[in-house]
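Down below is the structure, laid out as C-alpha cells.
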Amino acid sequence: MSAENQWLLRVRNLTKIYGEPGLRTLELTGPQVNSNICPETESIVACAGVSFDLYPGEVLGIVGESGSGKSTVVKLLYFDLEKTAGSAWLAPYEEGRANILEASGQQKRRIRNHLMGMVYQNPREGLNFGFSSGGNIAEKLIMAGQMHVGGIRERASYLLEKTEIPVRRMDDTPGTFSGGMQQRVQIAKAIANNPPLLFLDEVTTGLDVSVQAKVLDLIRELQQELGIAMIVVSHDLSVIRMLTDRTLVMKNGRIVEAGLTDQILQDPQHAYTQLLVSSLL
Amino acid sequence: MNIIEVNNLSKTFDLHILHEKHITALQHIDMTIGEGEIVGLTGKSGSGKSSLMKCLHRTYLATGGEILYQSLGGVVDLVSADDHAVIALRRSEIRYCSQFLSVIPRVSAIDVVAEPLFRTEKDKELARARSKALLEALGLPSGLWDAYPVTFSGGEQQRVNVARAIIARPRLLLIDEPTASLDAKTKDTVIELIRELKGHGTAVLCISHDEYTLERLADRRLHLQAGRIISNVTQVI
C-alpha cells in the first residue's frame, strides 16, 4: 500500500512573506497568536510551512477565512506570486525532480500553459475582456502550442458546448455575458489544454445559488469525466463538501488541520475547525 | 480470516469551543469481523454504535487503539493509515451506508446508485443497467429513477441508499439501519441482497434496532452500552 511516489504535485514548506521578516517572524505569527503580522518587523506572513501531496485525479479543498492564506497557496503554485521559500514538484515536469518554483520565467510559462489551469474568483483576472469568448479559449490553446486555426475553432466550440455556453455566442465578448456564464467560459479556457491540474479559487463566490449550482455541477462533471486533479479554494464548507476528497484548513497563514473531508466536517480536531463547522448553516 | 480486527479502540471528542468539554464515546473496544460474516451491532441511542462504525470508516479519528483491516493489498491500520490510502480503500473496498441518504444534489437516482461503479466500470450504460436492476428489485417506482433523491420519501431514499452501498460489492460493508422505514417485502429484499454479498465474502457490520432483521441477518451480535461492548452473542442460524 506504499504510495510514496504516486503524487502529481508535491508541495513542501511553501512560504510567502511580504516585507522583511526577522529571525523570529515565523515564531511570532500564526494561529497560536491569531495574527499573521510580525510584531517585530511588521512583515506579513501570507502563508508559511504549507506542505501537502496531491494525487492524480484527487480533489483537494483548502478552506479558511479571508486572510488565512488559502488563495496565496494556489497563486504561488500558479506563479502569480513569487514564493519566499519552499518547493513544489509536478510529476510531469522533469519527471518530478525539479522544483517548479525555481524554474526560469520561460519554463514557468511552459508549465502553466501545458500542465495547469486556473479559474479565478473574478472572471476579469482569468479572461481577456477585449477578446471574444472563443478568442479567450484560442489564446490558451495557442500558448499551449496549438497553431491550426480549424483545430482551435473546433476545440473552442467543443469546450463551449461542454460548459453549456451557446456556441453561437462564441464571437461575443465575455462582457456581454452573465456572471455565471463568464465563470463557465473561464472554466472552458482553463481546461482547454487538457491540464492534469486545475486550480479553482473561490469560483462560486458572489454567484446566485442556482448559478452556483450549475458551476459546481460543471466542475464535478469535468472532474469525473476527465479525471483532472483539482485544488479548490473556498471559504464555503458546502462547496468543499460537495467537491473534495480531502481538505486542508488554514488560519493565519498556516495549515491547522488536514484530513478526509468527511472527517474534517464530522470530527474536526482543531478549535478553529470546530468553530468553522459549527458555524455552517 | 478476519477482515477487521479492532484492538483496544477508544474515541473521545474534545470540544474546544465548548470550554474544553470532553465526551467519551468508545472505550476498550475489541472486536473482529470475519470474511463473509455479518455482525449485528446493537445498543441504545447514544451507546456508541454509530461512533464505532464511523471510526471504522475513518469519518471519526479514533483516539487510541488500532483497527486492522485486511485489504487486498495487505493489512492496513485504519486509525493511522494516511488519508490517500483510506481514500483508495473507500473507492475500491470499503463502503459506509449511513442511516440517511446524503448525496450530491442534482444527480438522478440511477446515477447516485451507479456512481460507485463508475470508477471501475468504464461502460456507463452497463453500470446504469445494474443500478436499474437493483432499484427495480428494491421496488423503487421506475418513474423516480431519473428524479433527484433529495425530494424522495424516507423509504424511497433508503432504497437508493442501500442500492448504492451494495452495487460495487464492497469487501467491507458498514451499514446503519438498512431496513428502517421499509415495508415488510422490501425489508426481505434488503436482507436477501446483503446475504448475497455475504456469500461473496463481504464482511458486514450492521447497526439495527429491528429484531426481525437481526434474526435473519446477523451471524453474531455485539451489544454496546455506554461506549463499551458488554456481550458478544453468537447466534446459530
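Respectively, the protein sequence lines represent chains A and B.
Anchor point for the first sequence: position 35 equals 35 in our numbering, and the numbering is continuous, going up by one each time.
Anchor point for the second sequence: position 73 equals 73 in our numbering, and the numbering is continuous, going up by one each time.
From the three backbone atoms N, C-alpha and C, an ideal C-beta is built for every residue, glycine too.
These numbers come from a predicted model, not from an experiment.
Original post:
DSSP three-state call for residue 121(A): helix, strand or coil?
Top reply: For the purposes of this step, residue 121(A) is taken as residue 121 along the first sequence, with counting starting at 1. Correct three-state label for residue 121(A): coil.
**OP:** Could you check the C-alpha separation between residue 216(A) and residue 243(A) for me, to the nearest Å?
**Re:** Taking the first sequence and counting its residues from 1, the one referred to as residue 216(A) is at position 216. Taking the first sequence and counting its residues from 1, the one referred to as residue 243(A) is at position 243. Each residue's Cα considered, the two are about 8 angstroms apart.
**OP:** Can you tell me the Cβ-Cβ gap for residue 235(A) and residue 249(A), rounded? I've got them flagged as a contact below 8 angstroms.
**Re:** Along the first sequence, one-based indexing puts residue 235(A) at 235. Along the first sequence, one-based indexing puts residue 249(A) at 249. Wrong, their Cβ atoms sit about 11 angstroms apart, outside the cutoff.
**OP:** Would you tell me roughly how many angstroms separate the C-alpha atoms of residue 226(B) and residue 23(B), rounded to the nearest one?
**Re:** Translated into the one-based positions of the second sequence, residue 226(B) becomes position 226. Translated into the one-based positions of the second sequence, residue 23(B) becomes position 23. When rounded, the distance between both Cα atoms is 11 angstroms.
**OP:** Determine the extent of the beta strand (DSSP E) in which residue 180(A) is found, giving its start and end residues.
**Re:** Mapped onto the first sequence, residue 180(A) falls at position 180. Here residue 180(A) belongs to no beta strand (DSSP E); instead the alpha helix (DSSP H) covers 179-190.
Subject >> Contact set between residue 245(A) and chain B, taken where Cβ atoms lie within less than 7 angstroms >> reply: Position 245 of the first sequence holds residue 245(A). The answer, in chain order, is 87.
Subject >> Contacts around residue 255(A), its chain only, beta-carbon distance under 8 angstroms, and the 5 residues preceding and following it disregarded >> reply: Looking up residue 255(A) in the first sequence gives position 255. Only 49, 50, 51, 52, 248, 249 meet the Cβ criterion.
Subject >> Paired residues, beta bridge with residue 12(A) - DSSP >> reply: Numbered from its first residue, the first sequence carries residue 12(A) at position 12. DSSP, once it has assigned bridges, lists 87(A) as partnering residue 12(A).
Original post:
Between the beta-carbon of residue 198(B) and the beta-carbon of residue 87(B), is there less than 9 angstroms?
Top reply: Position 198 of the second sequence holds residue 198(B). Position 87 of the second sequence holds residue 87(B). Note that the C-beta distance between residue 198(B) and residue 87(B) is not below 9 angstroms.
Original post:
What residues from chain A crowd round residue 17(B), counting only those whose CB sits closer than 8 angstroms?
Top reply: On the second sequence, position 17 is the one that residue 17(B) refers to. Result: 271, 274, 275, 278.
Original post:
residue 105(B) versus chain A: which residues are under 8 angstroms apart at the beta carbon?
Top reply: Looking up residue 105(B) in the second sequence gives position 105. Result: 213, 242.
Subject >> Neighbourhood of residue 75(A) by C-beta distance below 6 angstroms, restricted to the same chain and skipping five residues each side >> reply: On the first sequence, position 75 is the one that residue 75(A) refers to. If we look at residue 75(A) and ignore the five residues flanking it on each side, its Cβ neighbours are 81.
Original post:
With which residues is residue 53(B) paired in a DSSP beta bridge?
Top reply: On the second sequence, position 53 is the one that residue 53(B) refers to. Answer is none; residue 53(B) lacks a bridge partner.
Original post:
At least one CB of chain A closer than 9 angstroms to the CB of residue 101(B): is that the case?
Top reply: The residue labelled residue 101(B) in the question sits at position 101 within the second sequence. So no, residue 101(B) is outside the interface.
Original post:
Do you know whose CA, among 124(B), 70(B), 65(B), 45(B), lies nearest residue 7(B)'s CA?
Top reply: For the purposes of this step, residue 7(B) is taken as the residue at position 7 of the second sequence. The option with the nearest alpha carbon to residue 7(B) is 65(B).
Original post:
In chain B, which residues lie less than 7 angstroms from residue 55(A) when you measure between Cβ atoms?
Top reply: In the first sequence, residue 55(A) corresponds to position 55, counting from 1. By Cβ distance, chain B contributes 84.
Original post:
Straight-line CA distance for residue 237(B) to residue 218(B)?
Top reply: What you label residue 237(B) is simply residue 237 of the second sequence in a count that begins at 1. What you label residue 218(B) is simply residue 218 of the second sequence in a count that begins at 1. A caution first: residue 237(B) carries a pLDDT of 44, below 50, which makes its placement in the model unreliable, though a value can still be read off. When rounded, the distance between both Cα atoms is 9 angstroms.
Subject >> Proximity to residue 246(A) [Cα-Cα], best of 58(A), 37(A), 16(A) >> reply: The residue you call residue 246(A) lines up with position 246 of the first sequence. The candidate whose alpha carbon is nearest that of residue 246(A) is 58(A).
Original post:
DSSP beta-bridge partners for residue 228(B)?
Top reply: By 1-based counting over the second sequence, the position of residue 228(B) is 228. In DSSP, residue 228(B) forms a bridge with 225(B).
**OP:** Within 10 angstroms of the Cβ of residue 21(B), are there 16 or more other Cβ atoms? Answer buried if so, exposed if not.
**Re:** Stepping through the second sequence from its first residue, residue 21(B) is reached at position 21. Looking at its Cβ environment, which holds fewer than 16 other Cβ atoms inside 10 Å, residue 21(B) is exposed.
Original post:
Taking all protein chains shown into account, do 16 or more other C-beta atoms lie within 10 angstroms of the C-beta of residue 138(B), making it buried, or fewer, making it exposed?
Top reply: Here the question's residue 138(B) lines up with position 138 in the second sequence. Counting Cβ neighbours within 10 Å, residue 138(B) comes out buried, since at least 16 surround it.
**OP:** For residue 184(B), count neighbouring Cβ atoms within 10 angstroms of its own Cβ and tell me buried if that reaches 16, exposed if not.
**Re:** Reading the second sequence from its first residue, position 184 is the one you call residue 184(B). Exposed, by the Cβ-count rule.
Original post:
Among residues of its own chain, excluding the 5 on either side of residue 175(A), which ones have a beta-carbon nearer than 8 angstroms to its beta-carbon?
Top reply: Taking the first sequence and counting its residues from 1, one reaches residue 175(A) at position 175. Excluding residues within five positions, the ones whose Cβ falls inside 8 angstroms are 129.
Subject >> Per-residue DSSP class, three states only, for residue 30(A) >> reply: For the purposes of this step, residue 30(A) is identified with residue 30 of the first sequence, where counting begins at 1. Reduced to three states, the DSSP call for residue 30(A) is strand.
Subject >> Span separating the alpha-carbon of residue 55(A) from that of residue 202(A) >> reply: On the first sequence, residue 55(A) is found 55 positions in, with the first residue counted as 1. On the first sequence, residue 202(A) is found 202 positions in, with the first residue counted as 1. Using only the alpha carbons, I get a separation of about 21 angstroms.
Original post:
What residues in its chain sit with their C-beta under 8 angstroms from that of residue 53(B), if we drop five residues either side in the sequence?
Top reply: As a working note, residue 53(B) is residue 53 in the second sequence. The answer, listed in chain order, is 41, 96, 174, 176, 205, 207.
Original post:
Of all the residues that make up the region 172-183 of chain A, which are near chain D by a beta-carbon distance shorter than 7 angstroms?
Top reply: Here chain D cannot be found, since the structure's protein chains are A and B.
Subject >> Under 8 angstroms (Cβ pairs) to chain B, residues found in the region 207-237 of chain A >> reply: 213, 217, 220, 224
**OP:** Taking C-beta pairs closer than 8 angstroms, name the residues in chain B that residue 259(A) reaches, listed in chain order.
**Re:** Translated into the one-based positions of the first sequence, residue 259(A) becomes position 259. In chain order: 61, 83.
Original post:
Distance, Cα to Cα, residue 263(B) vs residue 187(A)?
Top reply: Residue 263(B) lies beyond the stretch modelled for chain B, which goes from 1 to 237, so this question has no answer here.
Original post:
By Cβ distance, which residues of its chain are closer than 6 angstroms to residue 159(B), with the 5 residues on each side in sequence left out?
Top reply: Walking along the second sequence from the start, residue 159(B) turns up at place 159. Correct list, in chain order: 138, 140.
Original post:
Quick one: does the C-beta of residue 274(A) sit closer than 8 angstroms to a heavy atom of the ligand HEM?
Top reply: Only the bare structure without any ligand can be found here, which leaves the ligand HEM out of the picture.
**OP:** Within the region 48-83 of chain A, note down every full beta strand (DSSP E) run reaching 3 residues or more, in order along the chain.
**Re:** 59-63
Original post:
When the Cβ atoms of the region 114-126 of chain A are set against those of the region 199-214 of chain A, are three or more pairs found closer than 8 angstroms?
Top reply: yes
Original post:
Counting only beta-carbon atoms, is residue 224(B) nearer than 9 angstroms to chain A?
Top reply: If you number the second sequence from 1, residue 224(B) lands on position 224. No - not a single Cβ of chain A is within 9 angstroms of the one on residue 224(B).
**OP:** Quick one: which residues of the region 115-140 of chain B get their C-beta closer than 8 angstroms to a C-beta of chain A? List them in chain order.
**Re:** Going along the region 115-140 of chain B in chain order, one finds 118 with a Cβ nearer than 8 angstroms to chain A.
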